[in-house]
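Participant: Before anything else, here's the structure in question.
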Amino acid sequence: MASAAVAKAAQAAQATATTSWRVKVGIEIHARVLARSKLFSGASTSFAHDLANPNEQVALFDAGLPGTLPRVNAACVDQAIRTGIALRGTVHPTSIFERKHYFYGDSPLGFQITQQRHPIVSGGALHVVLKDNSKEEEAARANKRKMEEKQRKKNEKKAKKKKNAKAAQQAEKEDAAATQASVDADDGNAADNTTASIEYRSLPQCTVRITRIQLEQDTGRMLPTLDGQKQLLDLNRAGTGVMEIVTEPDMESPQEAAEFVQTMQTLLRTVGTCDGNMEDGSLRADVNVSVHAPGINSHRVEVKNLNSIRAVSRAVEVEALRLVTEYRDVEPDDLPTMARPAETRAFDALEGVSRVLRSKEGAADYRFFPDPDLPPLVIAEERISNLALTMPPLPEEILARLQGPELALSQDDALVLFHEPGGVAYFDQVCVELNKIPEVSKDGPSQAANWICSVLLGLGEMSLRETLHPAFVAGVVDMVAKEEISRLTAKKLLSESVGDLAAVDPRPIVEANAWFQINDDAVLRELAASVLGQLAATPKGRKLISDFHGGKDALKGSFIGQVMRASGQRANPRLLEPIVLDELRRFQ
Amino acid sequence: MQNRHGTSEESMENQPRTVTSRFLALMTSVANAAAKARGVRAVERARKCLAEATVAKVELNAFTELRDEKSVMADVEAAQARWERGEARSPVDGLLFAVKDNICQAQTRSSAASRMLSNFVAPYDATCVSRLQAAGAIPMGRTNQDEFGMGSFGLNSYYGPSYRPGDHRVAGGSSSGSAIAVATEACHFALGSDTGGSVRLPAAFCGVMGFKPSYGRISRHGLISYASSLDTIGLLSGDVGIIAEAFGVCAGPDSNDSTCITSPLESCPLPNETQSDAAAIPLRVGIPVEYNVAELSEDARAAWHAQVEHVKICLGPETSIVPMSVPSVRDALPAYYVLACAEASSNLARYDGVQYGHRAAWSDDFETLHQEYTASRTEGFGAEVQRRILMGAHVLSAEAFDTLYLRANAVRDALREDFSAVFHHVDFLITPVAPGPAPTPEEAAQQDLVQSYLTDVMTVPSSLAGLPSMALPFARTSTSQEDVGSYQLIAGPRQDAKLLSTARLLSAA
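Chains as they are written, first to last, in the working numbering: chain A, 516 to 1103; chain B, 3 to 511.
Right under this line is the structure:
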């Protein structure tokens, strides 16, 4: 026995020395149920779309008035069932609503109605296809350098301004605040040199098991007045249905956590059970992070209320580093004293640090018990099978279709369209338009996807259906495929027409601007002859041509480019190349 | 020509009547003539009531509020005119009813006799109130009670104790004011609520009839919750026919209460005014031995014997009297207090003074929201309410949940099973309502907690099992004592109609 303990300690010591850490992440998603009315009252939920003033959508029950009772909104239950089906979980024939008690201003009943011991759905899984992030990471690093440079310049400017007394005072204040922030940050930020010691899992995909889905009420909102003297209460949100989706700790990197949330977001949007908008709180995530090395299992840290995909990955990153820093220098003998209950933290997205909200050790006793005002929620098998029949295609099926033999989209384009709200629907509309065109190219769909992703999705906030009429996109794709316009023209055509939804045919614009691609052999030959002739008339040009003939093949591009420019970018590059090479021979 | 039920079909259209219409038909076919006779004299009868009501309010503290006499009389006059025109809305059209203070009435202070809600004006009507009003019955005032229904004597009210007429002993609780209002004939019937005996006990102490229907038969929408799984709206009156008619109006499913019974009322043999017809179906009446507790007074035990004899006489010689055993009844009282307190602690958690209700004056000592809540709740709740909230919070705590809450629930399950077995063999059980006579307020105040909780020992078993039960007065002739003995008739699950029709036979004698 003793030797085993020694061996274990030695193993632990070695682990801390070599510091090869793994991170484990479990996530709780809080998804506001997409339904016209609240979970237990008839009050409308349109406040979520800014369609109501504070406290305008509050039924008597939502405000906890004496004598009012809950009644389950069947539409919310259906939504939870659909979500359960989509996640391939088990929808239970009987589930139970329980009361979770705590006193707070945003909880008018003094308790939250939720599901504890018998949730509506348990089990299931979500398959997450991970994007190849190497390019994006490089871009992010470059972006970061740029930001730092910007900040440095800004600081320099500020320093100059210090001549002005008032400005100087202000800057001092800001400095003080910054110092304070960095002190606070010590609590959350780990030393950079541990970065390398965490081995994030890197796989093309992962499967995250779902523990349970429970239906519960959302709370109201407390907002402090500007002077901080009072709290204002808005009960519009109080009583709205929320699905809490809990996973097993199956994610092992910030990227997996972030893409799990994104995939879940898309799934919920696809099934239509949650609008998935993180910025307005319709979808929130709590992440549970722990780190592990041979012989060491850290305590679990929960970071609550993350409201962006980016915040999810940042929170995992920050917490993993913080935990490793906390545990890596611990002597094996001290490990038992490190055993701590889970703690709850809040993440500050602006500063990238987390702060302790509460330790679960001192957590309140919520005094759960079955809500005596609500009979058990009984769901007939028939109801489940009827809902299953009305399910839209699920993400896996959609991705398979997009990448299948017929449409043949690249994985990147398929994923981008899939994650974009309304992306697949827009793409499908373009395909419908493509099919109306006679003798359309077979790779039309994949070309269209490419144009949508590369041009139309680079436009920021605009949703796809606000950009261009699908017929217009289809027309452009077809003109490119038939070599009537060049890719460059196509790009110009698409980006310059954005917002003009009345345009359904690109041809008139091409005609008006004379943007047709030059495919005529004679015209191209004439153009090449003229450009090369002018070139050969100069000593420098003559040298280039003779260098080319002398074996400098790389110069070929430059000659083609010059002819291309002279054509106003309209020459068909595929036809142009042999012609230019042919013409060059004449200047040998 | 008015139709057979004395109702106008049109005005009933929007009421979810279907469940009870059949029962209503059964009861009113007999009562129709009586109802009409009442209806055409509604104004004269109401005047008498209101005069009594004023006295009962002042002398017995039966009411927390009386409705303005003029507006009551205006309603009564309109009702009488309907009867005269043959357009009465229902058999209860024109009857005056009192409303227990924990049943919400629109634009009316509905406080459950608590300081916490002493400024709460309900913005809506309870389902039972709105159904009664739609049927033409007229609310005339709000009755005093034990705060939030917590008490057996009617002494725990923010508005002060109420007393039974005659001897100023306790009226019984918690629906004390409703029982007094009926006993003094200040109204024709009264709404009460019964969680562990709160309709039956005051009815017994005041010598009127108190009916606790099956749990879920009358919607709880608008009843200020004490213990949701036990709370039952009940009816008190001196006339079983009126109770049956008002019940017919109130009962039935309500989309605002998910715990309502949705199945139709049990059918029952048509009761007739002649005993011989009833005797054609011999009834079996059980005497549950577990109710013969040590605390039962000698007088009460003697009365019980007399009551059984009385019942046998009323129901006919064919009636069999059978001793029965309901073993789990022995554990009912502790299980009741565990469950009722647990639910109370949860149901009363909403009272924090933030949106409505009593809020403590601001103090600079308040550093947290919780301190403000604590101050408001400490001031707003009376001692008994605070005690039950604290006990309930303990029951639901992680450490006590299994040993207290789950065990009490197991007792409740056992009770349901025991009773359902018993009702395969008998039609009714007869028991006392209270273990002894009504104490004086001084005697009641001297009782320790367990003693006072023991007052409910006869009534909580049917509350836990959700069984329809009724307190029926029994005028003793064998002793010279002034006190009125009452007995409890308990029927099987959902046998409300059968209970009421049998009660009619018993009270007709």
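Here a beta-carbon is modelled for each residue, glycine too, at the ideal position from N, C-alpha and C.
Counting contacts by CB-CB distance shorter than 9 angstroms, is residue 105 of chain B in contact with chain A?
Facilitator: True, the Cβ-Cβ gap to chain A drops below 9 angstroms.
Participant: Take residue 859 of chain A as the anchor and find which of A/830, A/846, A/844 and A/887 has the nearest alpha-carbon.
Facilitator: Nearest C-alpha to residue 859 of chain A: A/830.
Participant: Output the distance between the C-alpha atoms of residue 974 of chain A and residue 993 of chain A, rounded to the nearest integer angstrom.
Facilitator: The straight-line gap from Cα to Cα measures roughly 23 angstroms.
Participant: Run the CB neighbour count on residue 109 of chain B, radius 10 Å, all protein chains shown included, and call it buried at 16 or more, exposed below.
Facilitator: The residue in question, residue 109 of chain B, is exposed, as its Cβ has fewer than 16 Cβ neighbours within 10 Å.
Participant: According to DSSP, is residue 807 of chain A helix, strand or coil?
Facilitator: Residue 807 of chain A falls in the strand class under three-state DSSP.
Participant: Report the CB separation of residue 487 of chain B from residue 305 of chain B in whole angstroms; it is logged as a contact under 8 angstroms.
Facilitator: So it is a contact: roughly 4 angstroms between Cβ atoms.
Participant: Under the three-state reduction of DSSP, which class applies to residue 576 of chain A: helix, strand or coil?
Facilitator: Three-state result, residue 576 of chain A: coil.
Participant: I'd like to confirm the pairing. Which residues does DSSP put opposite residue 812 of chain A in its beta bridges?
Facilitator: Per DSSP, A/807.
Participant: Applying a beta-carbon distance threshold of less than 7 angstroms, which residues of chain B neighbour residue 578 of chain A?
Facilitator: What residue 578 of chain A touches in chain B: 357.
Participant: Considering just the uninterrupted stretch of the alpha helix (DSSP H) at residue 82 of chain B, what are its terminal residues?
Facilitator: Where residue 82 of chain B is concerned, the enclosing alpha helix (DSSP H) stretches over 71 to 87.
Participant: With DSSP as the reference, label residue 725 of chain A as helix, strand or coil.
Facilitator: Reduced to three states, the DSSP call for residue 725 of chain A is strand.
Participant: Do residue 212 of chain B and residue 202 of chain B have their C-beta atoms within less than 9 angstroms of each other?
Facilitator: Going by C-beta atoms, residue 212 of chain B is nearer than 9 angstroms to residue 202 of chain B.
Participant: For residue 586 of chain A, count the other beta carbons within 10 Å of its own beta carbon; 16 or more makes it buried, fewer makes it exposed. Which is it?
Facilitator: Residue 586 of chain A is buried by the Cβ-count criterion.
Participant: Does the region 382 to 390 of chain B touch the region 455 to 464 of chain B, meaning 3 or more C-beta pairs lie closer than 8 angstroms?
Facilitator: Contact between the region 455 to 464 of chain B and the region 382 to 390 of chain B is absent, because fewer than three Cβ pairs lie under 8 angstroms.
Participant: Is there contact here, the region 132 to 146 of chain B with the region 95 to 111 of chain B, by at least three beta-carbon pairs under 8 angstroms?
Facilitator: Taking 8 angstroms as the limit for Cβ pairs, the verdict is that the region 95 to 111 of chain B does touch the region 132 to 146 of chain B.
Participant: Which one of B/117, B/35 and B/425 has the shortest CA to CA distance from residue 379 of chain B?
Facilitator: The candidate whose alpha carbon is nearest that of residue 379 of chain B is B/117.
Participant: What do you get for residue 910 of chain A, buried or exposed, if any count of 16 or more other CB atoms within 10 angstroms of its CB means buried?
Facilitator: Residue 910 of chain A is buried by the Cβ-count criterion.
Participant: For the region 578 to 594 of chain A, enumerate the residues whose C-beta is nearer than 8 angstroms to any C-beta of chain B, in chain order.
Facilitator: Those would be 578, 579, 580, 581, 582, 583, 584, 585, 586 and 587, in chain order.
Participant: So if I threshold CB-CB distances at 9 angstroms, which residues from the region 346 to 374 of chain B count as touching chain A?
Facilitator: So the close ones are 347, 348, 349, 350, 351, 352, 353, 354, 356, 357, 358, 359, 371 and 372.
Participant: Listing by chain order, which chain A residues have their CB less than 8 angstroms from the CB of residue 498 of chain B?
Facilitator: Neighbours of residue 498 of chain B on chain A: none; closest Cβ ~20 angstroms, over 8 angstroms.
Participant: When you compare only the Cα positions, how much space is there between residue 1055 of chain A and residue 825 of chain A?
Facilitator: Their backbone Cα atoms lie some 54 angstroms apart in a straight line.
Participant: Among A/538, A/1057 and A/579, which residue has its Cα nearest to the Cα of residue 714 of chain A?
Facilitator: Of A/538, A/1057 and A/579, the residue nearest in Cα terms is A/538.
Participant: Just checking: is the beta-carbon of residue 380 of chain B within a distance shorter than 9 angstroms of some beta-carbon in chain A?
Facilitator: It does not; no Cβ of chain A falls within 9 angstroms.
Participant: Check the DSSP bridge columns for residue 629 of chain A and list the partner residues they point to.
Facilitator: The partner list for residue 629 of chain A (beta bridge, DSSP) reads A/613.
Participant: So which of A/593, A/619 and A/581 has the shortest CA-CA distance to residue 376 of chain B?
Facilitator: It is A/619 whose Cα lies nearest to the Cα of residue 376 of chain B.
Participant: What does the Cβ neighbour count give for residue 938 of chain A, buried or exposed, with the cut at 16 atoms within 10 Å?
Facilitator: Buried.
Participant: Work out the CA separation of residue 1103 of chain A and residue 1048 of chain A for me, nearest whole Å.
Facilitator: Looking at the two C-alpha atoms, the distance is approximately 12 angstroms.
Participant: Under the DSSP definition of a beta bridge, which residues are partnered with residue 124 of chain B?
Facilitator: Note: residue 124 of chain B sits in a beta bridge opposite B/110.
Participant: Roughly how many angstroms separate the alpha carbons of residue 703 of chain A and residue 542 of chain A, rounded to a whole number?
Facilitator: Per-residue confidence for residue 703 of chain A stands at a pLDDT of 40, beneath the threshold of 50, marking its modelled position as unreliable; the derived number appears in the next sentence. Using only the alpha carbons, I get a separation of about 20 angstroms.
Participant: Counting only the same chain and skipping the five closest in sequence on each side, list residues whose C-beta sits under 6 angstroms from that of residue 228 of chain B.
Facilitator: Within the same chain, residue 228 of chain B has close Cβ partners 150, 151, 197 and 346.
Participant: By the criterion of Cβ-Cβ separation under 9 angstroms, what are the contact partners of residue 888 of chain A in chain B?
Facilitator: Under the 9 angstroms cutoff, chain B gives 222, 227, 230, 231, 259, 260, 261 and 349.
Participant: Got a sec? Which residues, its chain only, sit under 8 angstroms from residue 562 of chain A by beta carbon, not counting five neighbours each side?
Facilitator: Answer for residue 562 of chain A: 571, 572, 751 and 752, listed in chain order.
Participant: For residue 867 of chain A, which residues in the same chain have their Cβ closer than 7 angstroms to its Cβ, ignoring the five residues on either side in sequence?
Facilitator: If we look at residue 867 of chain A and ignore the five residues flanking it on each side, its Cβ neighbours are 829 and 833.
Participant: Under 7 angstroms between beta-carbons, which chain A residues line up against residue 330 of chain B? List them in chain order, please.
Facilitator: Here the premise fails: no neighbours, minimum Cβ distance about 20 angstroms.
Participant: Where does residue 765 of chain A land, buried or exposed, given buried means 16+ other C-beta within 10 angstroms?
Facilitator: Counting Cβ neighbours within 10 Å, residue 765 of chain A comes out buried, since at least 16 surround it.
Participant: For residue 544 of chain B, collect the residues of the same chain with a Cβ closer than 6 angstroms to its Cβ; drop the 5 residues on either side in sequence, then sort them by chain order.
Facilitator: With chain B covering 3 to 511 only, the question about residue 544 of chain B has no answer from this structure.
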